[in-house]
Each structure stands twice: as structure tokens, then as C-alpha cells.
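For what it's worth, our numbering labels the leading residue of the sequence shown as 25, then goes sequentially.
We put the CB at the ideal spot given by N, CA and C, even for glycine.
Since the structure is predicted, the reported quantities are computational estimates derived from the model, not experimental observations.
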Amino acid sequence: MWDAYIHVINSVAMQSNANTLDLIKSILASGPKGLGTGMTNIAAILNRPDQESDTELRHRAPYRDDVALGEELNERLLKWAERLGMYEGHLDYLRKCNFGRYVMLTHAFSEDRERLFFAGQANVALFGVDDYFVDDERAGVTHDMVGRNLSLCMSAIDEPALTGRYTSDTRKGLSHPIHHGLREYIANAERFGTPQQVARLRHEDMCLFVGMCHESSWRMNKMVSSVWEYLGCRQMNGLTTCIAMVDIVEAYEVPHNIYSLPKVRQVVKIAGLITVLVNDLVSSKKEEEAGALQFGIREAIQKEEGCTFDEAHRKGIRLHNDLLRIFEDESAKLMVFATPELRRFLIGVEAWVAGNHRWHFTSDRYSGK
């Protein structure tokens, strides 16, 4: 049955953009009913502008904005970070980042405090990898050590299989608080998820670390890449690893053979790129104030097209909005004949994209608001 559904989806995908919406409408009219079909981004498609804006990042309102829940999770994450020694002397900064609110906004359909805390651990630990080992020279980062640092982080997430002596040495050697945070995050992934889901997270984390190494080479060489190269790197060095845990946090599983379908993978990757472009377009002021070299989408566009920074900013907004349109179209096509698990996952990814937008505009880590 699923193969037949994919055949229909692929047939829709081959049609021209002008016909896509009419086809989706016609299939929906006779397609499946039930969980999720009334909540999909079909509504967003029907109400979106004919042409995307280049002045405002189009977005949906978050599916949940429970301030009290966000504060509860944030306080628990702060205590966890303090116990491990992460952000020692800088817990006020970590509090202002408000990763508890991030989890509350993005994983909008979970009420399970333990699973939400697990998602928060992943956020704190993985953003901490960036802070401690990649990006911020004030934390002692040296770009020639980024590859080593990230390889060690991968060992923390996926322990090497060695003899007893060297296993013991490895555990002693991976002694940084971020290593401990990564270990505890992946241990909870193993607690809540299936082996296939944990393997998925490890894969996405490895892609993240490869992308971080790629960006570090630009910084070492003071190089502004072409736009295509920048986007390919940023799709890996982004937020896909957090999006990939949506089903774990909501206590179900999208099977590996469905998650890995090219059309599903496309939607997940585009969602990851959309969310990280928001990061790019919101955070540059903070990075300027920190004295960090700028390697964002605007710099790549400005160099490649020879335009002003303001023009590049508008083109970056338009790129985000164009990608959001693709995400909506492709997600809607999948939604029509999705399995219940995939349908639930796609709705969860929509919620993640919406919550990510709100957090970036309200977290002191980026906006300063």
C-alpha cells in the first residue's frame, strides 16, 4: 500500500508548480481523513502570498507558547549544566539563552517532562559544542584544533569499541563538561528511543560536526564561500539533528525505511536549512558585537552577486521564504497519503519550524530581546 502512495506522491511531484496546489486539493478531497489532515500546512499554502516577500521572514505562529513550562524546563537544564560544570561562571548567559523555552516551543505536542528535558539536554550540549570547541575564540577556540575537538565529541556520542584498558583511557580522556553532557544526552536517547532512532541521531550529529569542520576551514582561510557551497554546509551544520528527534520526544517512531525515503529526507533537510537561515539572519548583530568574523548567508550572497549588504539581506530573506514554500509544498504532498506515524512527524516538524522562529526572536543568545 505504501508503495502505491509513494507512486501517487511522485506523480504529483512531477507536475508543474502551477498545478501543484490544484492537485493537492483534488487528492485531499478524496484522500484519507483523521489525525493530522486538518492540521497540516495546507492551510498555510492556501493563505500564503502569490509571491514571497524579501523584507519579512514568513512564518507560522508557534503551536504552543507555555511560558511556565519553558521556565520550568530552563531551571532544570541550568541545574543539570551546573552539575556537569558546563558554562561555569556563565550560567546567567545560559539562563538568558533559554533553552527550556526553545524545547517548549519546538516540541509543542509533548507534555512528557522527561522527554522534553532530554531534548533540552541535546540543545545545551550541541550548542555547547559550538561555543566551546568551534566558534568563540573567547572560549579558547583555535581553528586548527576544531577537527580533533569534534572527533572527540563524536567519541562521546558513539563510544569507540576498544579493549578494556583503552576504553578506560577513553572515558578518562573525554573529561570536558561538554563531553559529559553529550554522553548524558545520548544515554537518554537510548532510554527513550529505539536503536534505529538513536542511530539516526548519531548520523545527524556526525553531519553536524562535519559541517562545523567545513565552516572552520573558511574561518582559518578568511574565505567567503559561494552560495551553493555555503548552503550545503549550513544544511549539515544546522538544526536537523534536533528536528530528527521529534518522534522520540513525542513517544512514537517513524520507522527508518520511511524516515530515509528521499521525499521525507528532502522535507527534513529543507526544514533544517530554513531554521538555520533564521539563525543567520537574526544573529549577525550579536556576532558583530562579539568581534566574530561573519560567514553568513548575506556575506555569501554579497560576495557572489556584488550587491550591497542590505540587498544581500533581502535576498537572504527571500531565499528563506522560497525554501519555506518548497517545504510546505513537499510536506503537503507527503501528508496526503502518509502513514499515521509519518503524518504525526510532519506535523511535529511544522511545529518545530514555527517554534524555532519564535525562539530566535526572543532568546538573548541571538536577538538580545
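Sub-8 angstroms separation of residue i and residue j beta-carbons
| i | j | result |
| --- | --- | --- |
| T264 | L225 | no |
| V300 | R258 | yes |
| A378 | Y87 | yes |
| L102 | L118 | yes |
| V273 | H131 | yes |
Coarse secondary structure for residue i, derived from DSSP in three states
| i | result |
| --- | --- |
| D89 | coil |
| K246 | coil |
| C257 | helix |
| M169 | helix |
| S240 | helix |
| N122 | coil |
| T191 | helix |
| F142 | helix |
| F157 | helix |
| D74 | coil |
| L285 | coil |
| T218 | coil |
| Y276 | coil |
Residue nearest to residue i in terms of C-alpha spacing, selected from the options
| i | options | result |
| --- | --- | --- |
| D159 | H238, R88, N212 and K103 | H238 |
| H337 | L176, S307, L108 and E214 | S307 |
| D89 | Y111, G124, E329 and E99 | G124 |
| G94 | G113, P73 and C121 | C121 |
| L81 | G340, A356 and D388 | G340 |
| I298 | A92, T332, N261 and G197 | N261 |
| H200 | E335, V234, C231 and V153 | V153 |
| D136 | Y390, F319, A275 and M178 | A275 |
Same chain only: Cβ atoms within 8 angstroms of residue i, ignoring 5 sequence neighbours per side
| i | result |
| --- | --- |
| D346 | E76 |
| M244 | H167 and D168 |
| E354 | A37, K287, Q290, V291 and I294 |
| K49 | Residue placement at K49 is flagged as unreliable, the pLDDT there being 46, under the threshold of 50; the coordinate-derived value follows with that caveat. Cβ within range, chain order: n/a, list empty. |
Contacting residues, own chain, Cβ-Cβ under 7 angstroms from residue i (five flanking each side not counted)
| i | result |
| --- | --- |
| E277 | T218, Q221, D271 and E365 |
| L186 | T194 |
| I267 | V292, A295, G296, V373 and W376 |
| N212 | F142 and Q145 |
Cα-Cα separation, residue i to residue j
| i | j | result |
| --- | --- | --- |
| Q145 | R139 | 10 angstroms |
| Y190 | H204 | 18 angstroms |
| H344 | P184 | 39 angstroms |
| P279 | T363 | 10 angstroms |
| V170 | L358 | 38 angstroms |
| T386 | D116 | 16 angstroms |
| Y254 | R100 | 36 angstroms |
| S192 | E328 | 50 angstroms |
| N281 | R215 | 22 angstroms |
| S134 | D304 | 28 angstroms |
| V248 | F361 | 42 angstroms |
| L348 | R84 | 11 angstroms |
| E335 | V251 | 15 angstroms |
Contacting residues, own chain, Cβ-Cβ under 6 angstroms from residue i (five flanking each side not counted)
| i | result |
| --- | --- |
| Y16 | Residue 16 lies beyond the residue range present for the chain, which begins at 25 and ends at 393; the question has no answer from this structure. |
| R207 | A180 |
| G157 | The question names Gly, yet the displayed sequence has Phe at residue 157. If we look at F157 and ignore the five residues flanking it on each side, its Cβ neighbours are N173. |
| D229 | I181 and T265 |
| Y111 | A105 and L118 |
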